[in-house]
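A.B. asks: I have a structure here, written as structure tokens, and I will follow up with some questions on it.
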Amino acid sequence: MVDISKVRAIDIHTHAEEPCGCHADDGYDDLQATMAKYFRAPWEHPPTVPETAAHYREQNIAAVIFPVDAERETGYRRYRNEEVAELAAENDDVLIPFASIDPHKGKMGAREARRLITEFGIKGFKFHPTMQGFFPNDRMAYDLYEAIAEEGGIALFHTGQTGVGSGMRGGNGMRLKYSNPMYMDDVAVDFPDMKIILAHPSFPWQEEALAVAQHKPNVYIDLSGWSPKYFPEILVKYCNSILRKKVLFGSDWPMITPERWLADFEKIAIKDELRPDIIKGNAARLLGLA
1 MVDISKVRAI DIHTHAEEPC GCHADDGYDD LQATMAKYFR APWEHPPTVP
51 ETAAHYREQN IAAVIFPVDA ERETGYRRYR NEEVAELAAE NDDVLIPFAS
101 IDPHKGKMGA REARRLITEF GIKGFKFHPT MQGFFPNDRM AYDLYEAIAE
151 EGGIALFHTG QTGVGSGMRG GNGMRLKYSN PMYMDDVAVD FPDMKIILAH
201 PSFPWQEEAL AVAQHKPNVY IDLSGWSPKY FPEILVKYCN SILRKKVLFG
251 SDWPMITPER WLADFEKIAI KDELRPDIIK GNAARLLGLA
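See the structure below:
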């Protein structure tokens, strides 16, 4: 288990990629290459989980890591949750495993979630409504949410615009409407004991995300996917005030490196006394590590 006293930060949002590489036959290589250009990422092929662990160990940062299961909507084969969990266990000084299950899998997905938590120590689950093609408050997903809530898991949802498919023909089929954070208000009401993270500054719905996080005690915001130097003024204001215990450092590795994010974070107008909680303390408490 990660010893939080030994790391300088906890990155709540990193992506797992397979050691065999992306699947050229299903278009995943093209998607990743386009995203790398969008984010100006310094690699041609995404790093593997062991490579990710090595980078975070070198930076003395712990990381929540997960795949994304969007098989139904995209045709991209998912990275097995079990394999990600096993690799995270081999690097448990820096990696904290989350999983991903397409909510369209219904009761089968709910059973998988329970098994992953009890047998593999999965702490939470990543949802990407735009990639998975669903509104988060669709009752179709509720069996899965119920399983996560009952087992004490965390649900992390992509919100706002996405770099996935940006600039590709037809946005590579990605529909932005699914990721409006206001749909999460229903989920927070219906599952009041399930911890929910709204991922990213939620352009163009930043105020909706702040409203939901302020109003619902079980909702948090991660700050991944953007360099802090681009954060809107209202987000910085809320980080410095009423949401100071509910905002979390996230990079969106490998598209943004944690050291780049942290360096840019040092340059924005966050109160010095709040920085330790934002980069580590808030996440540590949410994950049950403190």
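Residue numbers (UniProt numbering): 1 to 290.
Don't be surprised by glycine CBs; every beta carbon is placed ideally from N, CA and C.
(1) Would you say Y183 and N137 are within 8 Å of each other, going by their C-beta atoms?
(2) Hey, how far is the Cα of N60 from the Cα of I101?
(3) Given a threshold of 16 other Cβ atoms within 10 Å of its Cβ, counted over all protein chains shown, does K271 qualify as buried or as exposed?
(4) For L274, I'd like the list of residues in its chain whose CB is within less than 6 Å of its CB, leaving aside the five on either flank, ordered along the chain.
(5) Quick check on T14: does DSSP put it in helix, strand or coil?
(6) Less than 8 Å between C-beta atoms, sequence neighbours within five positions excluded: which residues of the same chain meet that for D3?
(7) Once DSSP output is grouped into helix, strand and coil, what is the label at F265?
(8) Which ranges would you report for the beta strand (DSSP E) in the stretch 161 to 205 if only whole runs of at least 3 residues count?
(9) Is the number of C-beta pairs between the stretch 258 to 266 and the stretch 193 to 212 that are closer than 8 Å three or more?
(10) Please name the residue in V164, E58, H15 and L87 whose C-alpha comes closest to that of residue 303.
(11) Is there contact here, the stretch 120 to 140 with the stretch 64 to 80, by at least three beta-carbon pairs under 8 Å?
(12) Just to confirm the assignment, what range does the beta strand (DSSP E) spanning L223 have?
(13) To the nearest angstrom, report how far apart K6 and R114 are at their CA atoms.
(14) Nearest-angstrom Cα distance between N91 and G163?
(15) I'd like to know whether the C-beta atoms of I96 and A62 end up nearer to each other than 8 Å.
(16) Helix, strand or coil: which one does DSSP assign to K126?
(17) By DSSP, does P228 sit in helix, in strand, or in coil?
(18) Check the C-beta distance from A155 over to F127 and give it rounded, since I have them as a contact under 8 Å.
(19) How big is the Cα-Cα spacing for V247 and F157?
(20) Locate the beta strand (DSSP E) running through P97, then write down its first and last residues.
(21) Please classify Y145 as buried or exposed, where buried requires at least 16 other C-beta atoms within 10 Å of its C-beta.
(22) Measuring CB to CB, does V84 end up less than 8 Å from P103?
(23) Using 8 Å as the cut-off, can you tell me whether the stretch 223 to 235 makes contact with the stretch 184 to 191, which would need three or more C-beta pairs spanning the two stretches below that distance?
(24) Let's test the definition: count the other Cβ atoms within 10 Å of the Cβ of P46 and tell me whether it reaches 16, buried, or not, exposed.
(25) Over the uninterrupted beta strand (DSSP E) stretch that includes V236, give me the two end residues.
(26) Within its chain, find whatever has a CB closer than 7 Å to the CB of S251; leave out the 5 residues flanking it on each side and keep chain order.
(27) Closest to P139 by C-alpha separation, out of N180, L116, G167 and D186, would be which residue?
(28) Determine the burial state of G21: buried for a count of at least 16 other Cβ atoms within 10 Å of its Cβ, exposed for fewer.
(29) Can you check DSSP and say which residues form a bridge with A63?
C.D. replies: Quick look at the numbers:
(1) Taking the sequence shown and counting its residues from 1, the one referred to as residue 183 is at position 183. Taking the sequence shown and counting its residues from 1, the one referred to as residue 137 is at position 137. Contact flag set, yes.
(2) On the sequence shown, residue 60 is found 60 positions in, with the first residue counted as 1. On the sequence shown, residue 101 is found 101 positions in, with the first residue counted as 1. Looking at the two C-alpha atoms, the distance is approximately 29 Å.
(3) What you label residue 271 is simply residue 271 of the sequence shown in a count that begins at 1. Looking at its Cβ environment, which holds fewer than 16 other Cβ atoms inside 10 Å, K271 is exposed.
(4) Taking the first residue of the sequence shown as position 1, residue 274 is located at position 274. Once the five neighbours on either side are set aside, the close Cβ partners of L274 are R244.
(5) For this step, residue 14 is matched to residue 14 along the sequence shown. The answer is strand: DSSP assigns T14 an E or B state.
(6) For the purposes of this step, residue 3 is identified with residue 3 of the sequence shown, where counting begins at 1. So the list reads D93, once near-sequence residues are dropped.
(7) Counting from one through the sequence shown, the residue named residue 265 turns up at place 265. Under the three-state reduction of DSSP output, F265 falls in the helix class.
(8) 195 to 199
(9) Judged by Cβ distances under 8 Å, the stretch 258 to 266 makes no contact with the stretch 193 to 212, as fewer than three pairs qualify.
(10) Residue coverage of the chain in this structure runs from 1 to 290, which leaves residue 303 outside it and unanswerable.
(11) yes
(12) Start at 1 with the first residue of the sequence shown, and residue 223 comes out as number 223. L223 -> no beta strand (DSSP E), and no H or E assigned at all.
(13) On the sequence shown, position 6 is the one that residue 6 refers to. On the sequence shown, position 114 is the one that residue 114 refers to. Roughly 31 Å between the two C-alpha positions.
(14) To locate residue 91, count along the sequence shown from 1; it is residue 91. To locate residue 163, count along the sequence shown from 1; it is residue 163. So the alpha carbons of these two residues sit roughly 28 Å apart.
(15) Here residue 96 is taken as the residue at index 96 of the sequence shown, counted from 1. Here residue 62 is taken as the residue at index 62 of the sequence shown, counted from 1. Taking 8 Å as the Cβ cut-off, I96 and A62 qualify as a contacting pair.
(16) Sequence index remark: in the sequence shown, residue 126 carries index 126 (1-based). Note: K126 maps to strand in three-state DSSP.
(17) Residue mapping note: residue 228 aligns to position 228 of the sequence shown, counting from 1. For P228, the three-state secondary structure derived from DSSP is helix.
(18) For this step, residue 155 is matched to residue 155 along the sequence shown. For this step, residue 127 is matched to residue 127 along the sequence shown. Right, their Cβ atoms sit about 6 Å apart.
(19) By 1-based counting over the sequence shown, the position of residue 247 is 247. By 1-based counting over the sequence shown, the position of residue 157 is 157. So the two alpha carbons sit approximately 14 Å from each other.
(20) Numbered from 1 along the sequence shown, position 97 holds the residue referred to as residue 97. L95 to A99 is the extent of the beta strand (DSSP E) around P97.
(21) By 1-based counting over the sequence shown, the position of residue 145 is 145. Buried is the call here.
(22) Against the sequence shown, residue 84 aligns to sequence position 84. Against the sequence shown, residue 103 aligns to sequence position 103. Against a cut-off of 8 Å, the Cβ pair of P103 and V84 comes out as no contact.
(23) Contact between the stretch 223 to 235 and the stretch 184 to 191 is absent, because fewer than three Cβ pairs lie under 8 Å.
(24) Start at 1 with the first residue of the sequence shown, and residue 46 comes out as number 46. Answer is buried; the Cβ neighbour count reaches 16.
(25) By 1-based counting over the sequence shown, the position of residue 236 is 236. Unbroken run through V236 is the alpha helix (DSSP H), E233 to C239; no beta strand (DSSP E).
(26) Residue mapping note: residue 251 aligns to position 251 of the sequence shown, counting from 1. Taken in chain order, the residues that qualify are D11, H13, T14, S224, T257, P258 and W261.
(27) Here residue 139 is taken as the residue at index 139 of the sequence shown, counted from 1. Note that residue 139 is Arg in the sequence shown here, rather than Pro. Here the closest residue by C-alpha is D186.
(28) Along the sequence shown, read from residue 1 onward, the residue named residue 21 stands at position 21. Low local confidence applies: a pLDDT of 49 at G21 is under 50, so the model's placement there is unreliable, with the coordinate-based value given in what follows. By the 10 Å Cβ count, G21 comes out exposed.
(29) Numbered from its first residue, the sequence shown carries residue 63 at position 63. Looking at the DSSP assignment, A63 forms a beta bridge with D11 and L95.
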